[in-house]
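Below: one structure, written as structure tokens.
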Amino acid sequence: MATGTQEGSQSGSLVLALAQTMLGTVQQWHEAVKAGNRIIGAIEILEDLDELLTRTTIATRCLRNALCPANHLPSEVLRLIFFFIPRMLPLTDELRPSSDRHIHVEDLVPITAVCRYWRDVAVITPSL
Numbered sequence: 286m287a288t289g290t291q292e293g294s295q296s297g298s299l300v301l302a303l304a305q306t307m308l309g310t311v312q313q314w315h316e317a318v319k320a321g322n323r324i325i326g327a328i329e330i331l332e333d334l335d336e337l338l339t340r341t342t343i344a345t346r347c348l349r350n351a352l353c354p355a356n357h358l359p360s361e362v363l364r365l366i367f368f369f370i371p372r373m374l375p376l377t378d379e380l381r382p383s384s385d386r387h388i389h390v391e392d393l394v395p396i397t398a399v400c401r402y403w404r405d406v407a408v409i410t411p412s413l
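Note that this note's numbering has the sequence shown beginning at 286, numbered continuously upward.
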């Protein structure tokens, strides 16, 4: 009996083989079109394939993010890490309120693009 790891590896190999076959077919079609040949129904098939690939890419990235150890950190730990990311703005003492932290907010933009979890943590953290 195969273990979950073996099954995952086998199905992963099948998925990669299928993707390579799809890529090969699209490349063959591209060469045929460049040579002046028409492929009946190609536009519709390619539009459907493009939609499917977009959804597959999104699902693949979500799964990859879910498997990433950094996404298993508690939000409190991420907040603490995020707190140290932005640079402080240089303000003179008379302009600086004693309790406010003035930061370069643009330094935080990249962390909001890493994944949905990081974005959500950053957005709901008032100290940022």
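Backbone N, C-alpha and C fix where the C-beta goes; we use that ideal spot for every residue, glycine too.
In whole angstroms, give me the CA-to-CA distance for residue i and residue j.
| i | j | result |
| --- | --- | --- |
| Glu329 | Pro354 | 40 Å |
| Ser294 | Leu301 | 10 Å |
| Val311 | Ser296 | 23 Å |
| Leu365 | Pro359 | 10 Å |
| Glu336 | Leu348 | 18 Å |
| Asn356 | Val406 | 11 Å |
| Leu363 | Ile343 | 23 Å |
Between the options, which has its C-alpha nearest residue i's C-alpha?
| i | options | result |
| --- | --- | --- |
| Glu391 | Leu365, Arg323, Leu413, Leu338 | Leu413 |
| Trp403 | His389, Asn350, Pro371 | Asn350 |
| Thr345 | Ala327, Trp314, Leu331, Ala304 | Ala304 |
| His389 | Cys400, Trp314, Phe369 | Phe369 |
| Asp333 | Val408, Gln313, Met307, Leu393 | Met307 |
| Cys285 | Leu352, Pro371, Glu361 | It is not possible to answer for residue 285, since the shown part of the chain is limited to 286 through 413. |
| Gly326 | Leu363, Glu292, Trp314 | Trp314 |
| Pro371 | Lys319, Thr341, Glu292, Leu393 | Leu393 |
Just mark residue i as buried or exposed, buried being the case when its beta carbon has 16 or more other beta carbons within 10 Å.
| i | result |
| --- | --- |
| Arg323 | exposed |
| Ala398 | exposed |
| Ala287 | With a pLDDT of only 49 at Ala287, under the threshold of 50, the placement of this residue in the model should not be trusted; the figure read from the coordinates follows. Label assigned to Ala287: exposed. |
| Ala317 | exposed |
| Leu299 | exposed |
Spell out whether any CB of chain B is found under 7 Å from the CB atom of residue i.
| i | result |
| --- | --- |
| Cys400 | This model lacks chain B altogether, as it is built from one protein chain only. |
Between which two residues does the alpha helix (DSSP H) holding residue i run?
| i | result |
| --- | --- |
| Val362 | 360 to 368 |
| Asn350 | 327 to 352 |
If residue i sits next to residue j, beta carbons under 8 Å apart, how far is it from one beta carbon to the other, in whole angstroms?
| i | j | result |
| --- | --- | --- |
| Thr339 | Phe367 | At roughly 30 Å, the Cβ-Cβ gap does not stay under 8 Å, so Thr339 and Phe367 are not in contact. |
Quick one: is the Cβ of residue i within less than 6 Å of any heavy atom of the ligand ZN?
| i | result |
| --- | --- |
| Leu303 | Questions concerning the ligand ZN fall outside what the structure shown contains, since it holds no ligand whatsoever. |
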